[in-house]
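Beneath this line is the structure, given in structure tokens, with notes to follow.
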Amino acid sequence: MGRYVLRRLLQLIPVFLGTTFLIYALVWAIPQDPFAGKCGQRPCDPSYIAEMSEKLNLNDPLVIQYFKYLGNLVVGDFGTTFNGVSVGEQIATSWPITLKMGLIALVIEAIIGIIAGVLTGLRKSGFLDNLVLVSTLFLISLPVFVTGFVLRLYLGPQGFDLMDTSVSSDPTFGELILPGFVLGSLSMAYVARLSRSSIVENRRSDYVRTAIAKGQPQSRVVGVHLLRNSLIPVITFLGTDLGSLMGGAIVTEGVFNINGIGGLIFRGIQEKEGVMVTGIVTLLVLVYLLMSLLVDLLYAVLDPRIRYE
């Protein structure tokens, strides 16, 4: 197992370098003038352009620029924007908020999605099965911003006043439950459908029929034999979904006015702050790669037949 982990970590290096270089090139190589619009309606002063070009290494070839940027990332320096704002400080402030909301979304979609999928998979074509299929189809059809707007409108003070939908600048886990549910609603529907399909397929497997023939209790057949094998594709989806939730938080944070990483990305794109966009996307790539590694390691826990050497 140790050698496998080391090998996978080494494999992540070229993937990380290739992905981040492509992001860096798209942000900095394609724009013809990175200073366009940075000084209002008039062109920027040549001294300012020269200073910022030196600071951002824009006078160097693209590959040299990238490796200098990468060297700064190793020591925790994400750079500064054209306005002199530290990207690292902005990320340090906003990242914990989005991370908490993403974890809440992941827990909600995992618990509700798996329970719904297992129950409907065991009782195929019943009332509950049809109800879950219709509900998940409804969630998949609705854009996230519509789900967020409707829930905030009807659950908040303007509707039935069932809960406080406002979010403070430093929100607690309780304040992020509703935004987390909205963020994970689409993935929750996919998890429910994926769990159901996997349960239905594995119920016909030989090892399940053998366990039933041996007289094992229904709870053991489902919990030990059926569920563990059926969760492998679900774990794959959930593990890689955390990175997607981080990037997809732009809409949810906008609906609930949350000062998270999604807002930073939106403002960075809107204001053409390449340093901000590059730093955040690079961080999301790293999260995605690490979660993919964690998913691979969880396979061996769920299925004893899988062994890494």
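Under UniProt numbering, the sequence shown has 283 at position 283, and the numbering climbs by one with no breaks.
Glycine is no exception: its CB is placed at the ideal position from the N, C-alpha and C atoms.
Since this is a predicted model, take the numbers as computed values, not measurements.
In this structure, the straight-line span from the alpha carbon of Pro46 to that of Leu264 is close to 28 Å.
One alpha carbon belongs to Val251, the other to Phe21, and they sit about 27 Å apart. Excluding five sequence positions before and after Phe237, the CB atoms of its chain that fall closer than 8 Å to its own CB belong to Ser187, Tyr190, Val191 and Leu194, given in chain order. Per DSSP, the beta-bridge partners of Ser86 are Thr80.
Around Met291, the same chain offers Gly239, Thr240, Leu242 and Gly243 as residues with beta carbons nearer than 7 Å, after the five sequence neighbours per side are excluded. Counted as a single uninterrupted DSSP element, the stretch harbouring Phe35 is not any alpha helix (DSSP H), since DSSP gives it neither H nor E. Residues of the same chain with a CB within less than 7 Å of the CB of Leu226, apart from the 5 flanking positions on each side, are Ile199, Asn202, Arg203 and Val208 in chain order. When rounded, the separation of the alpha-carbon atoms in Ile261 and Ala249 is 8 Å. Gly262: member of the alpha helix (DSSP H) spanning Ile261 to Gln270, first to last residue.
One alpha carbon belongs to Leu99, the other to Thr282, and they sit about 15 Å apart. In its chain, beyond the 5 residues on either side, Thr147, Ser185, Leu186, Met188 and Ala189 have a beta carbon closer than 8 Å to the beta carbon of Leu139. Residue environment analysis places Pro43 among the exposed positions, since fewer than 16 neighbouring C-beta atoms fall within 10 angstroms of its C-beta. In this structure, Leu294 lies away from Val15, with their beta-carbon atoms at least 8 Å apart. Boundaries of the alpha helix (DSSP H) harbouring Glu54: Pro46 to Lys55, taken from the DSSP string.
Our two residues, Ile104 and Ile258, have alpha carbons roughly 15 Å apart in a direct line. Taking the Cβ atoms as the reference, Leu58 lies roughly 32 Å from Pro96, outside the contact range of under 8 Å. In this structure, the beta-carbon distance from Gly180 to Met101 falls below 8 Å. For Ile23, the enclosing alpha helix (DSSP H) stretches over residues Gly2 to Trp28. The beta-carbon distance between Arg123 and Val255, rounded to whole angstroms, is 35 Å. This is too long to meet the 8 Å contact definition. Comparing alpha-carbon positions, the option among Ile115, Leu155, Ile269 and Tyr299 lying closest to Leu26 turns out to be Ile269. Counting only runs of 3 or more residues that sit fully inside the segment 109-135, no beta strand (DSSP E) segment turns up. Taking the Cα of Phe78 as reference, the smallest distance to any Cα among Ala116, Glu271 and Thr278 is reached at Thr278.
For Pro171, there is no enclosing alpha helix (DSSP H), as DSSP marks it with neither H nor E.
Leu142 places its beta carbon 8 Å or farther from that of Ile235.
With 16 or more neighbouring CB atoms inside 10 Å of its own CB, Gln90 falls in the buried class. Going by C-alpha positions, Met246 is about 17 Å away from Val87. Within the same chain, Cβ atoms closer than 7 Å to the Cβ of Phe149 are found at Val255, the five residues on either side in sequence being excluded. For Pro233, the enclosing alpha helix (DSSP H) stretches over residues Leu227 to Gly247.
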